[in-house]
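So the structure is just underneath, and the comments pick up after that.
Residue numbers (my numbering): 6 to 133.
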C-alpha cells in the first residue's frame with residue numbers, strides 16, 4: 006500500500022508541476038512581445054524586423070545591388086528619431102532602441118548608397 010501512495014503522490018506532484026509550468030509559460034507568452042517586418046522596394050532590397058518587447062530593430066541587406074538599407078524610427082509624440090543602417094549582401098545589424106510604451110511609431114525603410122542618395126522608401130506604423 007505504501008508504494009501505491011508514494012506513486013500517487015509522485016504523479017500528483019508531477020501533474021501539479023506540469024500545470025504550473027503551463028501557467029507560467031502562458032503568462033510569459035502573453036507579454037507584449039510582438040514582431041513586425043517591413044520591406045523596401047525593388048530598387049534596393051532589404052527588410053527590417055521590429056521586436057516591441059526587446060525594443061530591437063534588425064535591418065537586413067538582402068541583395069548585392071550597391072545600396073545599403075536604412076530604417077528611420079520616429080515617435081511623433083516626442084519628436085524622437087533614431088536610425089539603424091546596414092550595407093552589404095546578406096549583412097544584418099541589430100539596433101537596441103528605447104521606445105515609450107504605447108506610442109505609435111513610424112518606421113521608414115529605404116535604400117541608401119555611399120554618396121547618401123536614397124531610394125523611395127516605405128513607411129510602416131507600429132505601436133511600441
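For each residue, glycine too, the CB sits at the ideal point set by N, CA and C. Predicted, not measured: the structure shown is a model, and the values here were computed from it.
Alpha carbon to alpha carbon, what distance is there between residue j and residue i?
i: residue 133; j: residue 97; result: 22 Å
i: residue 122; j: residue 59; result: 31 Å
i: residue 70; j: residue 118; result: 10 Å
i: residue 27; j: residue 115; result: Note that residue 27 scores 31 on pLDDT, short of 50, meaning its location in the model is unreliable; the coordinates nonetheless yield the value given after this. Taking the straight line from one Cα to the other gives about 42 Å.
i: residue 93; j: residue 72; result: 8 Å
i: residue 111; j: residue 100; result: 16 Å
So who's on the other strand from residue i, going by DSSP bridges?
i: residue 51; result: 66
i: residue 109; result: 132
Are there 16 or more other CB atoms within 10 angstroms of the CB of residue i, so buried, or fewer, so exposed?
i: residue 134; result: The first residue shown for the chain is 6 and the last is 133, placing residue 134 beyond what the model contains.
i: residue 66; result: buried
i: residue 51; result: buried
i: residue 124; result: buried
Since I believe residue j is in contact with residue i (beta carbons under 8 Å), could you give me their beta-carbon distance rounded to a whole number of angstroms?
i: residue 76; j: residue 61; result: With 8 Å as the limit, residue 76 and residue 61 do not qualify as a contact, their Cβ atoms being about 12 Å apart.
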